[in-house]
Amino acid sequence: MNNSKLVSLLKTFSLSEMKEFKDYVQSPFFNKNKKVVALFDFIKKFHPGYDNDGLTDESISAALFPGMKHDYFKIRNLTSDLFSLAKDFLAQIYFRDESIYYPTFLLEKLREKNLNIIVEQTLKQFKNQLSKETTKDEFYQLRLAEMSQQEHFYQITKDPFGSHSYFQEDFDNFFEYALLKLLKFYCIMIHDNVQNNFSFDMKMFDQVLDFIRTTEKMKNPTLIVFSRIVLLVLEKKEEHFFRLKSLREEYSASLQREDRYMLDLYMSGFCADVYNIQAGTDFQREHFLISKNQFERDEMTVGKMLYPDFLIHVKIATRVDEFDWAEMFINKYKDQIAEDEKQSCLNFCYGYMSCKKGQYEKAMDLLSRANFRSNLLKTQVKVLLLQCYYELGHDDQVLLMIDTFKKFLNRDTTVTEYYKNAFVQYLKISSDLLRVRELPKGKKRNYEITGLQMETENVINNLFGIKLWLREKLSEL
Numbered sequence: 139m140n141n142s143k144l145v146s147l148l149k150t151f152s153l154s155e156m157k158e159f160k161d162y163v164q165s166p167f168f169n170k171n172k173k174v175v176a177l178f179d180f181i182k183k184f185h186p187g188y189d190n191d192g193l194t195d196e197s198i199s200a201a202l203f204p205g206m207k208h209d210y211f212k213i214r215n216l217t218s219d220l221f222s223l224a225k226d227f228l229a230q231i232y233f234r235d236e237s238i239y240y241p242t243f244l245l246e247k248l249r250e251k252n253l254n255i256i257v258e259q260t261l262k263q264f265k266n267q268l269s270k271e272t273t274k275d276e277f278y279q280l281r282l283a284e285m286s287q288q289e290h291f292y293q294i295t296k297d298p299f300g301s302h303s304y305f306q307e308d309f310d311n312f313f314e315y316a317l318l319k320l321l322k323f324y325c326i327m328i329h330d331n332v333q334n335n336f337s338f339d340m341k342m343f344d345q346v347l348d349f350i351r352t353t354e355k356m357k358n359p360t361l362i363v364f365s366r367i368v369l370l371v372l373e374k375k376e377e378h379f380f381r382l383k384s385l386r387e388e389y390s391a392s393l394q395r396e397d398r399y400m401l402d403l404y405m406s407g408f409c410a411d412v413y414n415i416q417a418g419t420d421f422q423r424e425h426f427l428i429s430k431n432q433f434e435r436d437e438m439t440v441g442k443m444l445y446p447d448f449l450i451h452v453k454i455a456t457r458v459d460e461f462d463w464a465e466m467f468i469n470k471y472k473d474q475i476a477e478d479e480k481q482s483c484l485n486f487c488y489g490y491m492s493c494k495k496g497q498y499e500k501a502m503d504l505l506s507r508a509n510f511r512s513n514l515l516k517t518q519v520k521v522l523l524l525q526c527y528y529e530l531g532h533d534d535q536v537l538l539m540i541d542t543f544k545k546f547l548n549r550d551t552t553v554t555e556y557y558k559n560a561f562v563q564y565l566k567i568s569s570d571l572l573r574v575r576e577l578p579k580g581k582k583r584n585y586e587i588t589g590l591q592m593e594t595e596n597v598i599n600n601l602f603g604i605k606l607w608l609r610e611k612l613s614e615l
């Protein structure tokens, strides 16, 4: 009994849910079998753990059918009935508390019974409730669409030839709901295509894209935001980023928490692309402001903070010398990091900050104690250690690190060729930097520097800031 589906389900019930479920089971509207009521009364004594040895089929049989021989199938049937009631109960409380279709079903029944006055009062009541909603997400839009449909159906019965405006409103509200759902799907599909090279069948995408590019008549704030997100993800233009920035300020209160988080995520992704792909620094401050705003709203995560995200926020702040903010962020979220990665994360963060401050000895000590399982993070540590050796003038260590780094890349199968090629370019130019740094000033040195600058511009990405660092070091020669 302890391992039954019924017990597994009841274990998840809170005390208030158990109290409501008791009323539900005892209601003759939902259950007329008194033995099922008795079964629940017996089982509830073991809530919430249900780990007592007294909870067996035999003990249930003795309690419900005293003096009778234990009948396995009879008990199985009763527990099955109670299990079905428990599932129905969950559906009922969801329908009562969350279902957007409750007003729809009620209005349909009222219309069937020709209770026009009550229909009008109920429509007014539900429309008034909707008007007070602050969050205008797809669930709000669906409720709005359902309500306008019910009003449209009602007006047809009153005036079949005068309900066209209601029909248009019905269509418009449903269209915005459907369009918003499509755009959210498209955003995820585009992201997965870029990140995981998975190709989706994005039905009607071109037609939808043409529509959002040419219309300015959308009403739903979340729809307006996601239409611009799609354009940002596809076209990667600054104008879309800054339009989204203004929309976030304008519609922040109308977006649900998850949608605000996704908006920040896509805007951060744009800033990251400018840095990692274009080796641009123009959006570093914007990138930080997104993290800062999330921090102030306490909306940095959906769920727990994952350690890769933890590292990213610290790096974003450090790049613009926001060391105090980075420290504040670390102190607030460090305890959310899994214990097996926590110390390595902290060592890396403080090592990264020390490197940016020019404290290279301290940075090397901390970074050498950042032992990640992820090969990509191991690569990042190697990049930073190499830079520390270079800054300290430890040329032999730089050359040794370059050799070790190359062997690591040859062995590794998890880092993509795209990134490997960039690291190989980075290592080659880093080695040449040492050689050119020792040349006497003059034409030959200048010629070599110019050649390395051209090679640096051909480095295919700026992951971990490698291209920007090479530019900086060449400018110092």
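To convert, count from 1 in the sequence shown and add 138; that's this note's numbering.
Glycine included, every Cβ here is placed at the ideal spot set by N, Cα and C.
Keep in mind the model is a prediction, meaning the values are calculated, not measured.
{"Check": "8 Å Cβ cutoff met for Tyr-564 and Leu-608", "Outcome": "yes"}
{"Check": "Pairwise C-alpha distance: Leu-504 and Gln-394", "Outcome": "40 Å"}
{"Check": "Beta-carbon proximity list for Val-175, same chain, < 6 Å, skipping 5 on both sides", "Outcome": "Val-163 and Gln-164"}
{"Check": "Straight-line Cα distance separating Pro-446 from Ala-501", "Outcome": "19 Å"}
{"Check": "Beta-carbon proximity check, Phe-349 vs Leu-318, cutoff 8 Å", "Outcome": "no"}
{"Check": "Pick from Ile-450, Phe-227, Asp-436 and Gln-230 that is closest to Ala-410, judged by C-alpha positions", "Outcome": "Ile-450"}
{"Check": "Three-state class that DSSP yields for Asp-541 in the structure shown", "Outcome": "helix"}
{"Check": "Segments assigned alpha helix (DSSP H), at least 4 residues, entirely inside the region 198-240", "Outcome": "210-235"}
{"Check": "The region 578-596 in contact with the region 543-560 per 3-pair CB rule at 8 Å", "Outcome": "no"}
{"Check": "Whether Gly-386 touches Leu-401 by CB criterion (8 Å)", "Outcome": "Residue identity check: residue 386 is Arg in the sequence provided, not Gly. Yes. Within cutoff."}
{"Check": "Close Cβ partners of Thr-621 (< 6 Å) along its chain, the five nearest in sequence each way excluded", "Outcome": "As displayed, the chain neither begins before 139 nor continues past 615, which places residue 621 out of reach and without an answer."}
{"Check": "In chain order, each alpha helix (DSSP H) run of at least 4 residues that lies wholly inside the region 463-500", "Outcome": "477-494"}
{"Check": "Sub-8 Å separation of Met-539 and Lys-520 beta-carbons", "Outcome": "yes"}
{"Check": "Spatial distance of Asn-190 from Lys-183 (CA atoms)", "Outcome": "10 Å"}
{"Check": "Endpoints, the alpha helix (DSSP H) within which Asn-266 is located", "Outcome": "254-269"}
{"Check": "Per-residue burial, Ala-476 [other beta carbons within 10 Å of its own, 16 or more giving buried]", "Outcome": "exposed"}
{"Check": "Three-state secondary structure assigned by DSSP to Tyr-188", "Outcome": "coil"}
{"Check": "Beta-carbon separation (whole angstroms), Leu-524 vs Val-536, contact threshold 8 Å", "Outcome": "6 Å"}
{"Check": "Whole-angstrom distance between Phe-233 and Thr-295, CA atom to CA atom", "Outcome": "28 Å"}
{"Check": "Ser-286 versus Asn-254: straight-line alpha-carbon distance, rounded", "Outcome": "16 Å"}
{"Check": "Reference Lys-558; option with closest CA among Lys-470, Phe-543, Asp-570 and Leu-572", "Outcome": "Phe-543"}
{"Check": "Buried or exposed (CB count within 10 angstroms, at least 16 for buried), Arg-457", "Outcome": "buried"}
{"Check": "Which of helix, strand or coil DSSP assigns to Leu-449", "Outcome": "helix"}
{"Check": "Which listed residue (Leu-361, Lys-355, Tyr-324 and Glu-396) has its alpha carbon closest to that of Leu-280", "Outcome": "Leu-361"}
{"Check": "Beta carbon of Ile-454 nearer than 8 Å to that of His-425", "Outcome": "yes"}
{"Check": "beta-carbon Val-175 near the ligand MG non-hydrogen atom, thresh 7 Å", "Outcome": "Although the ligand MG was asked about, the structure shown includes no ligands whatsoever."}
{"Check": "Beta-carbon proximity list for Ile-328, same chain, < 6 Å, skipping 5 on both sides", "Outcome": "Val-371"}
{"Check": "Where Pro-359 falls: helix, strand or coil (DSSP)", "Outcome": "helix"}
{"Check": "Per-residue DSSP class, three states only, for Met-342", "Outcome": "coil"}
{"Check": "Classification of Gly-603 by the beta-carbon crowding that lies within 10 angstroms, buried from 16 upward", "Outcome": "buried"}
{"Check": "Range covered by the alpha helix (DSSP H) that runs through Lys-437", "Outcome": "It should be noted that the sequence gives Glu, not Lys, for residue 437. Careful: Glu-437 lies outside any alpha helix (DSSP H) and carries neither H nor E."}
{"Check": "For Phe-221, the nearest candidate out of Leu-144, Lys-470 and Tyr-210 (CA to CA)", "Outcome": "Leu-144"}
{"Check": "Glu-307 versus Tyr-324, Tyr-292, Leu-321 and Ala-283, residue with shortest Cα-Cα distance", "Outcome": "Ala-283"}
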